[in-house]
Amino acid sequence: MIIAISVKEEKKDSKLDTRFGRASFFYFYDTEKTCGFFQNNQQNINAAHGAGIQAAQNVAKNNVDVLLTENVGPKAFRVLEGSRIKVYEASSHLTIDQALIEFEAGKLPLLIEANQ
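Residue numbering for the sequence shown follows the numbering used here, starting at 288 and increasing by one per position.
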């Protein structure tokens, strides 16, 4: 399973970003290989329109199964849902590792609609 996480910084102890479409980076974690990598999202940070849609398309290109983020808008949510990516709400107070632990423990709520 591949898990994407919206994060503020390109470092392992980064906290989650409050935003999805305009997150600074995404961290992709492969649960089978137990490793991950960062992807820059700079092209969407200052985008006038479509940041969420473009970010969702970029996440989907990485064969993601699950997204952990604090907030996701309706247009991005539709793209993620259409790509069969399950979205879980994770607090921006969590670090990457904390979010993964909470997810694996079943403590994060599954979003059935956009929450932003």
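Quick reminder that beta carbons are idealized off the backbone N, C-alpha and C, glycines included.
Asked	Found
Within 10 angstroms of its Cβ, does residue 357 collect 16 or more other Cβ (buried), or is it exposed?	buried
Can you list, in chain order, the residues of its chain with a C-beta nearer than 6 Å to that of residue 364? Leave out the 5 residues immediately preceding and following it.	401
Under DSSP, the beta strand (DSSP E) around residue 373 begins and ends at which residues?	373-376
Could you give the first and the last residue of the continuous alpha helix (DSSP H) run that contains residue 345?	338-347
Cα-Cα, which of 384, 375, 344 is closest to residue 268?	What is shown of the chain runs 288 to 403, which leaves residue 268 out entirely.
Is the beta carbon of residue 381 closer than 8 Å to that of residue 302?	yes
Classify residue 304: buried if its beta carbon has 16 or more other beta carbons within 10 angstroms, exposed otherwise.	buried
In the structure shown, what three-state DSSP assignment does residue 392 receive?	coil
Would you call residue 399 buried or exposed, if buried means 16 or more other Cβ atoms sit within 10 Å of its Cβ?	exposed
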